[in-house]
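Here the structure is laid out as structure tokens; the discussion comes afterwards.
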Amino acid sequence: MKGILSFVGVSILFGVLGGVIQAQKLDKGVGPYGEFWKPIPTQRYWAPDYFYSPPEEPKGIYTADECTLCHKALNPGLVKAWAESSHANLDKLQGYQKEKLAEIEKNLGRKLTKVGCIDCHGKVGAEKLDHAKELVMTSSTLCGECHKQEYEEFESEKQYGIPDWKPGRESHAKSYDANLDVDVWAATDKNVVQGCDMCHNIQHKCDSCHTRHAFKASESRRPEACQTCHNGPDHPDIEYYRDSKHGSIYFIEGHTWDWSKQLKDANYISPTCQSCHMYYKGQYSHNMVRKAIMGEGDVLFYDNIFKGIKPTDYIKNSKELMSRREAWIEVCVKCHSPRFSRDYLDSMDKASDSIFQYVSDAYATIKSLYEEGALYPMPENRPRAPAPVTEKYPDLLGGFYGEFWAKDGNPSRIEKDFLYMWENDAFLVRKGLAHMNPNGFTYISWSNLLKKYVDIKSEANTLRRLAALEKKRVRARIKTKNK
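The numbering used here numbers the first residue of the sequence shown as 1 and each following residue consecutively.
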């Protein structure tokens with residue numbers, strides 16, 4: 001038998017390395033702007049439910065042992081991770097894992113000795129796989145066939161959202177669809193915006209948090225599991241957490257904590273991303289958005305500019321958001337007093353009002369330049385934003401499209417400053433406060449926000465002076481011509 005498997009493995013390996021695997025199922029985009037773009041090959045892996053289909057080679061029907069033999073030669077690290085995982089060693093589970101296994105077996109109606117390649121890349125319980133026809137890239141839907149409770153909790157995020165956003169926004173469970181809803185994402189080179197996909201793929205792929213092929217729960221309980229996506233200028237969660245007092249305690253003492261315990265039994269001395277965001281009214285779950293107050297900077301510090309609603313009013317006039325605030329306080333009081341928790345969060349809202357004042361004034365400045373004809377270049381004198389981005393001036397001025405597209409003065413410099421002001425700095429003042437990072441909401445964000453505000457005001461004065469000189473020159477020409 002071993003000799004036969006070796007022969008099969010070598011044959012498969014030769015076929016894979018010797019042939020060209022063609023991209024499949026990549027003929028058109030999906031979503032509301034699908035007609036404007038086509039997927040690239042790597043998007044098969046970021047959104048397998050939408051784009052994946054099996055490679056043309058190798059052809060044949062194989063058992064799990066044959067899969068392992070071939071991939072041990074092709075991808076030894078992959079096989080090693082699986083071989084050391086709980087999936088491959090169901091006889092070595094901890095107590096709570098054994099209870100979970102019994103629940104899974106009951107749901108499936110059969111006993112499991114291990115979870116192998118075909119269970120995850122074909123059909124749960126199947127003994128053989130037609131590689132060229134039945135191979136799938138594992139998605140959250142397939143994981144949910146065994147991990148039913150976790151999948152249902154994760155999917156329940158779709159029921160939550162930020163007021164005035166599309167249902168399910170600000171959720172992991174609709175994160176990829178959130179990309180598809182963005183006009184400039186559709187217009188931009190997919191080789192670039194796959195950077196968005198690699199994080200937003202969590203809608204389709206549990207391995208965003210539970211790294212394949214080990215899928216260790218102990219790993220996904222640590223803050224580092226979140227840092228691949230929750231970092232950078234628009235959402236520096238890991239940076240702000242890391243440099244907070246909470247993070248300092250974690251990095252000093254975290255190596256002594258027992259990460260094999262479930263969150264409900266862990267009792268960490270300092271909070272982690274998971275212990276805060278997965279907790280809701282006495283329980284931990286895979287729904288992490290039930291306490292979400294805002295969606296990036298888009299709602300509080302951009303959309304509300306056009307409505308004239310400051311953050312404190314927006315939050316306090318919403319029963320839903322105030323309910324979520326109470327759920328946050330329930331988390332805070334595990335370590336802090338109720339009074340401190342309320343005072344601190346109230347201070348965060350009032351700081352947001354100060355931010356909003358600057359952002360609103362900056363937008364009013366740019367809008368005035370547009371109405372005066374002093375903006376340079378004026379929208380009618382510069383390239384149009386690419387389809388499907390629509391021209392919605394003056395509301396488009398300094399809009400999100402400028403984050404990923406620019407050409408010959410569109411957007412203008414002053415608009416670009418405004419974009420970074422609301423999309424990054426304004427939001428990060430609040431994020432720094434939320435994660436209790438003092439430098440995060442002062443020098444890193446507040447100071448940068450003020451710098452952009454000063455630059456916007458200075459640029460506006462320059463543009464108005466240039467416009468006045470231009471008008472004076474035109475009048476002089478007319479006067480000279482009429483003599």
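Quick reminder that beta carbons are idealized off the backbone N, C-alpha and C, glycines included. Nothing here was measured: the structure is a model prediction, and the numbers come from that model.
Between residue i and the rest of its own chain, which residues show a CB-CB distance below 7 Å, the 5 nearest in sequence each way excluded?
i, result
"Leu397", "Ile366, Lys367, Tyr370 and Glu415"
"Val474", "none"
"Arg382", "Asp408, Gly409 and Asn410"
"Tyr151", "Ser140, Cys143 and Gly144"
"Gln274", "Arg221 and Leu263"
"Ser85", "His213, Ala214 and Phe215"
"Ser30", "Ser is not the amino acid found at residue 30; the sequence shown has Val there. Closer than 7 Å at the Cβ level, and outside the excluded window around Val30, lie Tyr50 and Leu180."
"Tyr268", "Trp257 and Ser275"
"Ala362", "Phe418, Met421, Tyr453 and Ile456"
"Gly402", "Pro411, Glu415, Lys416 and Leu419"
"Glu320", "Pro163"
"Leu78", "His71 and His213"
"Asp486", "Examination of residue 486 is not possible in this model, given that the chain is present from 1 through 483 alone."
Pull the bridge partners of residue i from the DSSP assignment, please.
i, result
"Thr63", "Lys128"
"Tyr279", "Tyr284"
Per DSSP, what kind of secondary structure is residue i in: helix, strand or coil?
i, result
"Ala468", "helix"
"Lys407", "strand"
"Met198", "helix"
"Gly116", "coil"
"Trp561", "The shown model of the chain, from 1 to 483, leaves out residue 561, and the question about it has no answer."
"Arg325", "helix"
"Val331", "helix"
"Trp422", "helix"
"Phe427", "helix"
"Ser412", "coil"
"Ala292", "coil"
"Trp259", "coil"
"Asp237", "helix"
"Asp91", "helix"
"Asn96", "According to the sequence as given, residue 96 is Tyr; it is not Asn. It is helical."
"Leu433", "helix"
"Met348", "helix"
"Asn107", "helix"
"Cys229", "coil"
"Thr272", "coil"
"Thr138", "coil"
"Tyr358", "helix"
"Pro311", "helix"
"Pro54", "coil"
"Arg221", "coil"
"Ile366", "helix"
"Gln24", "Confidence in Gln24 is poor, its pLDDT being 48 and thus under 50, which makes the residue's placement unreliable; the coordinate value appears in the next sentence. Here Gln24 sits in coil by DSSP."
"Ala178", "helix"
"Asp395", "coil"
I'd like the list of long-range same chain contacts for residue i, defined as Cβ closer than 6 Å, with 5 residues on each side in sequence excluded.
i, result
"Asp353", "Lys310, Pro311 and Thr312"
"His277", "Met288"
"Cys332", "Ser341"
"Glu153", "Ser285, His286 and Asn287"
"Ser445", "Asp425, Leu428, Val429 and Gly432"
"Tyr279", "Val331"
"Arg465", "none"
"Ala23", "Interpretation of Ala23 is limited by its pLDDT of 39, a score under 50 that renders its predicted location unreliable; the figure taken from the coordinates is listed afterwards. Hits under 6 Å: Pro41."
"Glu155", "Ala173"
"Arg477", "none"
"Pro379", "Tyr393"
Please check the pair residue i and residue j, which I expect to be a contact at CB under 8 Å, by giving their CB distance rounded to whole angstroms.
i, j, result
"Ala486", "Ala187", "The chain is shown only over 1 to 483; residue 486 falls outside these bounds and no answer can be derived."
"Thr63", "Gln194", "The pair is not a contact, with the Cβ atoms about 34 Å apart (cut-off 8 Å)."
"His246", "Asp237", "His246 to Asp237, Cβ: 12 Å. No contact."
"Trp422", "Tyr314", "15 Å between Cβ atoms; not a contact."
"Tyr393", "Leu463", "With 8 Å as the limit, Tyr393 and Leu463 do not qualify as a contact, their Cβ atoms being about 16 Å apart."
"Trp37", "Lys281", "About 41 Å; that fails the 8 Å criterion."
"Pro223", "Tyr250", "6 Å"
"Ile118", "Leu108", "With a Cβ gap of about 14 Å, Ile118 and Leu108 do not count as contacting."
Can you give me the Cβ contacts of residue i inside the same chain, cut-off strictly under 8 Å, excluding the 5 residues immediately before and after it?
i, result
"Arg132", "According to the sequence as given, residue 132 is Ala; it is not Arg. Here the set comprises Pro54, Pro55, Glu56, Glu57, Pro58, Lys59 and Gly60."
"Lys472", "none"
"Lys307", "none"
"Leu101", "Leu90, Leu93 and Leu112"
"Ala351", "Val429, Arg430, Leu433 and Phe441"
Using 8 Å as the threshold, is the stretch 327 to 336 in touch with the stretch 414 to 422, meaning 3 or more CB pairs across them?
-> No, they do not touch.
Can we say the stretch 65 to 72 touches the stretch 201 to 217, given the rule of at least three CB pairs closer than 8 Å?
-> no
For the stretch 211 to 225 and the stretch 253 to 266, state whether three or more C-beta atom pairs, one from each stretch, are separated by less than 8 Å.
-> yes
Using 8 Å as the threshold, is the stretch 204 to 213 in touch with the stretch 35 to 49, meaning 3 or more CB pairs across them?
-> Output reads yes: the stretch 35 to 49 touches the stretch 204 to 213.
Flag this pair as touching only if the stretch 448 to 455 and the stretch 355 to 363 have three or more C-beta atom pairs under 8 Å; answer yes or no.
-> yes
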